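This report refers to the structure that appears directly beneath it.
Residue numbers (the numbering used here), protein chains in the order written: chain A, 34 to 175; chain B, 34 to 175.
So this is what it looks like as structure tokens:
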């Protein structure tokens, strides 16, 4: 199995509501057959009916929980800006932004369906101009 | 907010067990402070204690469920191969691979913590040589 991810699909209660939320964050997607696709770097974030997703995956319940998305940004100020934008769009802050143990600054919000996003400034992780993230060589950091 | 994702964190019951599973799929990561980072294209897939994740995110429960990961591959045969590899590594098939409504072929498995992966061959989605996926222009497909 190659070491990559093609799509992340968020099961949502109301596709139109979820689409409106991400559009208010400034994201632009395409809706086709009640499914919304956002190009996000080399993969796609997809919004789809929670019931259809469960049915498609062959499971009964809503899934497993305990999965979060994160966007790393370029400054502490940008963390605050993104979280403020999300709140205006209808997000709930689950953890206000604060300094982190690794010398960064981060907070979490939940989207209208409860999907968690961490917005973080982490000076130890390299962000390329195109926004792609490179995991540092931890063995060289000691 | 920029339209990109930096990390996907899977909350797991046992980091060592989860790491062993992904390594059996052929993935190579780095473990630092009981956290495993896998570089996956321009983002990172992270394995972390489910309890620590919930605490870090400021939530009580395990999360929201209803989120899946997907890897698109290059042939029907590769779908079967990847799912067989996952089963050998300890995955549970939740939906055996079959032909899809969009003319593709796909199935789902759950990793040891129940996180769902869809493995799909979709002739309508472009996969670059580096594995990055480009959402098609649906408006041009009618």
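We put the beta carbon where it would ideally sit given N, CA and C, even for glycine.
Predicted, not measured: the structure shown is a model, and the values here were computed from it.
Using C-beta distances below 8 angstroms, list every residue in its chain close to residue i, excluding the 5 sequence neighbours before and after it, in chain order.
i                      : result
residue 158 of chain B : 105, 166, 167, 168, 169
residue 107 of chain B : 154, 160
residue 51 of chain B  : 43, 45, 69, 80, 144, 145, 146
residue 141 of chain A : 101, 126, 127, 128, 149, 150, 151, 152
residue 103 of chain A : 150, 151, 152, 153
residue 163 of chain B : 74
Pick helix, strand or coil for residue i, following the three-state DSSP scheme.
i                      : result
residue 103 of chain A : strand
residue 35 of chain B  : coil
residue 48 of chain A  : helix
residue 130 of chain B : strand
Looking only at DSSP bridge pairs, what is residue i linked to?
i                      : result
residue 140 of chain B : B:152
residue 114 of chain B : DSSP lists no partner for residue 114 of chain B.
residue 167 of chain A : A:159
Whose Cβ in chain E lies nearer than 8 angstroms to the Cβ of residue i?
i                     : result
residue 70 of chain B : No chain E is present in this structure, whose protein chains are A and B.
For residue i, I'd like the list of residues in its chain whose CB is within less than 6 angstroms of its CB, leaving aside the five on either flank, ordered along the chain.
i                      : result
residue 148 of chain B : 43
Less than 7 angstroms between C-beta atoms, sequence neighbours within five positions excluded: which residues of the same chain meet that for residue i?
i                     : result
residue 58 of chain A : 118, 119, 122
residue 36 of chain A : none
* Asked: What are the start and end residues of each continuous beta strand (DSSP E) run of 3 or more residues lying completely inside the stretch 53 to 98 of chain B, in chain order?
  -> 63 to 65, 68 to 73, 76 to 82
* Is the stretch 118 to 132 of chain B touching the stretch 73 to 83 of chain B in the sense that three or more CB pairs, one from each, lie closer than 8 angstroms? -> no
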